[in-house]
Amino acid sequence: MSNVHLINHPLIQHKLSIIRDSNTGAKEFRELVEEVSMLMAYEVTRDFPLEEVEVETPVSTARCKVIAGKKIAVIPILRAGLGMVGGILKLIPTAKVGHIGVYRDPETLQPIEYYCKLPSDICDRELIIVDPMLATGGSAVAGIQFLKQRGANQIRLMCLIAAPEGIETVQTKHPDVDIYVAAIDERLNSHGYIVPGLGDAGDRLFGTK
Ligand code: PRP
Ligand code: URA
């Protein structure tokens, strides 16, 4: 089974409460999604290996540590995943960004793929798939499948809010993928929305409703 990491730092919980609030407008929503994504990236990368280097300080030579040549790519699932990219790039500016377009058919809730543009060397990269919502898990499972078909083998999934159903689905279909979430909510409603959740993440980010 993949590991599920619940990142519930007080700052993240506080900001997530404002994100959930239906009175929060698109500007503040976008800013907070970016901030929470940056804070989560700190934990998602916690086990990255380090190597020693020598640095000349103004006083003497210091033995220091840097991240050991790890190549990273952030893969947002369009559209809502786009809102998480900026925050992660602030922490890891050298990361490449690949895009996967998947939307959920509102009737069947099945994921429909419509776009894919990835860095050419995804097989050599640690991939962090980002999407604010893990509801039925269909979109995440499809996105992970997409990447594996193209040779990816080191994949992490980072979401703001997950439903238990979505976590179980990803764990069953992709047990090798670790899942990082800021909250695990109660359940899905009959329309496949997370309860209590935050509503439609894409619409709230981009003001389309
Ligand atoms: C939302 C969300 C996830 C998906 C989660 O996207 O951003 O991608 O639903 O649901 P699932 O776990 O049941 O697949 P949506 O399909 O609304 O597309 P959008 O980002 O373009 O709004
Ligand atoms: N997609 C969203 O944007 N919100 C949900 O609650 C479920 C799927």
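Using our numbering, the letters of the sequence shown map in sequence onto residues 57 to 265. No residue lacks a Cβ here, since even glycine has one placed at the ideal position from N, Cα and C. Every value quoted in this text rests on a predicted model; they were computed, and no experiment measured them.
- In the DSSP assignment, the residues bridged to His61 are Tyr236.
- Distance between Pro167 and Thr192, taken at the CA atoms: about 10 Å.
- Placement of the Cβ of Met189 at a distance of less than 6 Å from at least one heavy atom of the ligand PRP is found.
- Here Ala136 carries a coil assignment [DSSP, helix/strand/coil].
- By the Cβ criterion, the segment 111–125 is not in contact with the segment 79–94, since fewer than three pairs of Cβ atoms, one from each stretch, lie closer than 8 Å.
- Per DSSP, Tyr249 is not a residue of any beta strand (DSSP E), being assigned neither H nor E.
- Lys265: not part of any alpha helix (DSSP H); DSSP gives it neither H nor E.
- Under the Cβ criterion (8 Å, minimum of three pairs), the segment 216–224 does not count as touching the segment 154–165.
- Counting C-beta atoms within 10 angstroms of its own C-beta, Arg86 has 16 or more neighbours from the protein chains shown and is therefore classed as buried.
- Residue side-chain check: Ile74 keeps its Cβ at 6 Å or more from all non-hydrogen atoms of the ligand URA.
- Residue state for Arg86 is assigned as helix, using DSSP reduced to three classes.
- Judged by their CB atoms, Glu90 and Gly143 are nearer to each other than the 7 Å cut-off.
- For Ala257, the Cβ falls inside the 6 Å cut-off from some heavy atom of the ligand PRP.
- Between the segment 203–218 and the segment 176–193 there are three or more C-beta pairs closer than 8 Å, enough to call the two in contact.
- Pro220 sits in a helix when the DSSP states are folded into three classes.
- Taking 6 Å as the cut-off, one finds no heavy atom of the ligand URA near enough to the beta carbon of Tyr159.
- Nearest Cα to Pro231 within the set Ile223, Ala238, Val237: Ile223.
- With a threshold of 16 other beta carbon atoms within 10 Å, Phe202 meets it and is buried.
- Around the beta-carbon of Arg206, fewer than 16 other beta-carbon atoms lie within 10 Å, marking it exposed.
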